[in-house]
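Q: Take this structure, written in C-alpha cells, and hold onto it; I'll ask about it next.
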Amino acid sequence: MSTTRKTITVTDQQDSWIKAQIAAGAFTNDSEYIRDLIRRDQADKEELAVIRAALIEGEESRTSDRTPDDIINAVIARRRKNGML
C-alpha cells in the first residue's frame with residue numbers, strides 16, 4: 000500500500016496526550032496513533048451508515064419482528080465482534 004506524507008499541527012495538550020499513549024506502549028510513534036484514530040473513525044462512520052440504513056428500512060416497512068432490545072443487542076454484538084466495544 001502506498002503512503003502519503005502529511006504534516007499536521009496539534010495543540011501542546013494534544014501532543015502530550017499522543018506522547019502519553021506512546022509511552023504507555025499502546026503505539027510506537029505518532030503516525031501509528033493517528034492512523035489508528037483514522038481507522039476507528041472510518042469504522043464508526045461505516046457502523047453509523049449501517050444503523051441509518053436499518054432505521055430507514057424500518058421506517059419504510061413500518062413493521063418489525065424485532066424488539067428494541069433485540070436491535071440494541073444486535074448492535075452491541077456487532078460492535079464487540081468488530082472490536083469497537
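Just so we're aligned, residue 0 is where the sequence shown starts under numbering that gives the first Met the number 0, counting upward by one. Just so you know, even glycine gets a beta-carbon here, dropped at the ideal spot from N, CA and C. Bear in mind that the values here come from a model prediction, so they are computed numbers and not experimental data.
#1: Are the Cβ atoms of Ala42 and Met0 separated by less than 8 angstroms?
#2: Roughly how many angstroms separate the alpha carbons of Thr62 and Leu36, rounded to a whole number?
#3: Less than 8 angstroms separating the beta-carbons of Tyr32 and Ile17?
#4: How is the alpha helix (DSSP H) around Val49 delimited, first residue to last?
A: Let me spell this out:
#1: Result no, Cβ atoms of Ala42 and Met0 do not sit closer than 8 angstroms.
#2: About 37 angstroms.
#3: Closer than 8 angstroms, so yes.
#4: Note, Val49: alpha helix (DSSP H), Asp29 to Ser60.
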